[in-house]
Amino acid sequence: MTPLPDAEALYGELRRQVGAAVAQHPADSVHLVGILSGGAWLAERLQTDLGLPGRAGVLNISLYRDDFDRIGLHHQTQPTDIPFDVEGRHLILVDDVLYTGRTIRGALNELFDYGRPASVRLAVLIDRGGRQLPVAASLCAATFEVPDGQQIVLGQDDSRFVLTLEAA
Amino acid sequence: MRNPQLNRHGELTHLLTLDGLPRDIVTHILDTAETFVPLAERDVKKVPLLRGKSVFNLFFENSTRTRTTFEIAAKRLSADVYNLNINASSASKGESLLDTISNLSAMQADLFVVRHSASGAPHLIAQHVAPHVHVVNAGDGWHAHPTQGLLDMYTIRHFKKDFTNLTVAVVGDVMHSRVARSDILALTTLGVPEVRVIGPMTLLPGGLEHLGVRVFHDMAEGLRGADVVIMLRLQNERMRGALLPSPQEYFKHYGLTQAKLALAKPDAIVMHPGPMNRGVEIESAVADGKQAVILKQVTFGIAVRMAVMSIVAGASNE
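For the protein sequence lines, the chains are A and B, in the order given. Going by the working numbering, the first sequence wraps up at 177, each residue one higher than the last. Going by the working numbering, the second sequence wraps up at 339, each residue one higher than the last.
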């Protein structure tokens with residue numbers, strides 16, 4: 010099977026696309042929001058590398074999942090933290106892998122409970138196909154087909170990103 | 022016998038008591054509550070977890086604060102909430118507890134929050150309901166008040182971070198206090214090395230030593246070096262017979278004054294489950310002082326009750 014793409018190379022491509030998107034708006038009206046955990050790491054590093062002021066937002070969508078009735082509430086890592094006013098701002102929602110689209114639906118619902126953003130764009134490192142909802146990424150570093158039953162996992166090794174393929 | 026609060030997967034499906042509740046479940050509840058605390062700062066304070074679920078608040082005994090915080094918690098989880106003041110309805114017409122529950126279950130209840138003057142009533146209900154229905158004990162007799170115990174633990178963890186180096190003093194009418202029982206069980210479960218109980222002989226139950234606590238009758242001695250002081254309400258309405266000479270006499274020996282609080286550590290926190298009897302168990306200057314975290318307890322209580330309800334409601338019913 011095709012080897013996994015190099016995570017750092019993909020990150021470079023994502024940084025280029027996000028940087029161009031950020032530049033379309035006045036600096037104080039655009040914010041990054043990362044979905045825990047991979048998306049939050051990406052957003053944090055993009056925030057630094059692009060020299061954006063303040064902190065990126067962090068979304069923990071576990072309170073907005075659509076499968077609560079089946080899987081219940083799992084151990085929490087870190088709460089949602091949106092350190093800016095969402096109302097009227099341009100948001101770039103960041104995640105590592107786009108798959109069914111259900112996570113993004115939950116993330117949008119949660120974001121709108123903080124206010125009405127002017128726009129939301131989705132930036133992902135990898136689009137692996139398999140969508141179950143009408144969701145598309147506006148910014149995407151690569152598409153990569155992954156068979157059902159497997160998942161791509163973003164990890165960090167000495168502050169460098171690494172991708173691995175694991176059994177789901 | 023299986024712990025009646027856990028399903029066969031070991032998940033919490035009812036919260037009845039903190040007795041025998043494993044430490045990892047207690048910690049899971051506290052961690053989950055932490056994700057709910059920031060919701061109070063948002064414009065929209067609700068999350069959709071319990072959307073479409075019906076929560077019945079069954080209060081067979083009066084309560085304002087506990088019932089209200091459960092109601093707020095359920096509403097912030099997007100549940101539909103029904104408050105039943107049973108004193109004024111069926112029970113007074115002679116309907117049995119289990120018949121009341123069967124009738125409410127037929128109205129598609131998903132979760133019962135129960136307060137009852139009889140110890141064990143929530144256990145009885147939990148044994149009676151269908152597997153997809155959950156029961157949370159909001160205080161039963163002298164037995165348990167597990168969500169108060171958990172919100173007290175949340176408050177202690179918030180201010181003190183680590184349980185394993187603390188000295189915690191529980192002061193007052195321990196005999197009639199379900200809060201004291203739940204607090205002591207939770208403190209020992211979480212590994213607090215020194216739990217002290219302070220009170221007059223007539224208000225302390227026998228066998229406290231078996232719960233792993235140190236008993237003090239002299240308040241000054243018991244407060245010395247404490248990190249946390251939990252004051253209990255003098256349960257006037259529960260008092261049967263003359264266990265105390267007078268409230269004034271009680272205040273003199275066991276009321277928390279600034280002078281007595283000075284014997285605890287300088288950064289000690291003062292807690293109280295409410296409602297407070299100012300001038301009986303606690304001096305106003307202490308209750309309103311900067312070491313008091315009593316109103317924080319109320320705020321954290323909402324997040325803790327949200328955590329409990331969402332965890333039990335998410336337990337598998339297979």
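Quick reminder that beta carbons are idealized off the backbone N, C-alpha and C, glycines included.
Looking only at its chain, what residues have a beta carbon closer than 8 Å to the beta carbon of residue i, apart from the 5 residues adjacent to it on each side?
i        : result
B/VAL301 : LEU255, PRO268, TYR271, PHE272, GLY276
B/HIS164 : THR38, SER140, GLY141, ARG199, ARG202
B/ARG299 : SER305, ALA308
A/THR109 : GLY139, ARG140, GLN141, LEU142
B/LYS181 : LEU187, ASP248, VAL249, ILE290
Answer with yes or no whether the minimum CB distance from residue i to chain B is below 9 Å.
i        : result
A/SER71  : yes
A/GLY182 : Summary: the structure shown does not reach residue 182 of chain A, with chain A confined to residues 10 through 177, and so no result is reported for it.
A/GLY81  : yes
A/PHE77  : yes
A/ASP105 : no
A/GLU154 : no
A/HIS84  : yes
A/THR112 : no
Could you pull out every residue in the same chain whose Cβ sits closer than 6 Å to the Cβ of residue i, ignoring the five residues on either side in sequence?
i        : result
B/TYR103 : PHE77
B/THR223 : LEU264
B/ALA100 : LEU71, LYS74, VAL76
B/ASN108 : none
Name the DSSP bridge partner or partners of residue i?
i        : result
A/GLN160 : A/GLU175
B/MET327 : Per DSSP, none; premise fails for B/MET327.
B/SER75  : B/ASP101
A/HIS40  : A/LEU100
Could you tell me whether the Cβ of residue i comes closer than 9 Å to any Cβ of chain A?
i        : result
B/ARG55  : Note that residue 55 of chain B corresponds to Glu in the displayed sequence, not to Arg. B/GLU55 counts as touching chain A.
B/ILE303 : no
B/ILE332 : yes
B/PRO226 : no
B/ALA336 : yes
B/ASP101 : no
B/LEU70  : yes
B/PRO59  : yes
B/ARG63  : yes
B/ASP194 : no
B/HIS49  : yes
B/LYS182 : no
B/ASP309 : no
Looking only at its own chain, which residues have a Cβ that is under 7 Å from the Cβ of residue i, when we skip the five neighbours before and after it?
i        : result
B/PHE57  : ALA324, MET327, ALA328
B/ILE205 : VAL191, VAL216, LEU232, VAL234
B/LYS286 : GLY246, ALA247, ASP248
B/ALA313 : VAL291, VAL307
B/HIS7   : No statement about residue 7 of chain B is possible, as the shown extent of chain B runs from 22 to 339 and does not include it.
At a cut of 8 Å, does the region 60-71 of chain A reach the region 111-126 of chain A through at least three beta carbon pairs?
-> yes
Where are the beta strand (DSSP E) runs, 3 residues long or more, that stay fully inside the region 170-233 of chain B, in chain order?
-> 188-192, 215-219
Quick check: the region 68-77 of chain B against the region 228-239 of chain B, are there 3 or more CB pairs under 8 Å?
-> no
In chain order, which continuous runs of the beta strand (DSSP E) of length 3 or greater are located wholly inside the region 80-165 of chain A?
-> 99-107, 128-136, 148-152
So does the region 186-198 of chain B actually touch the region 152-162 of chain B, counting three or more Cβ pairs closer than 8 Å?
-> no
Please list the segments of the beta strand (DSSP E) lying wholly inside the region 251-319 of chain B, counting only runs of 3 or more residues, in order along the chain.
-> 290-292
How about the region 45-56 of chain B and the region 37-50 of chain A: do they share at least three Cβ pairs that are nearer than 8 Å?
-> no
Whole runs of the alpha helix (DSSP H) within the region 29-62 of chain B, excluding any shorter than 4 residues | 44-57
Are the region 98-105 of chain A and the region 152-160 of chain A touching by the rule of at least three beta carbon pairs closer than 8 Å?
-> no
Below 8 Å, can you find three or more Cβ-Cβ pairs linking the region 74-94 of chain A to the region 40-47 of chain A?
-> yes
Within the region 96-168 of chain B, note down every full alpha helix (DSSP H) run reaching 4 residues or more, in order along the chain.
-> 118-126, 142-149
At what residue ranges does the region 39-70 of chain A contain a whole run of the beta strand (DSSP E), taking only runs of 3 or more?
-> 39-44, 66-68
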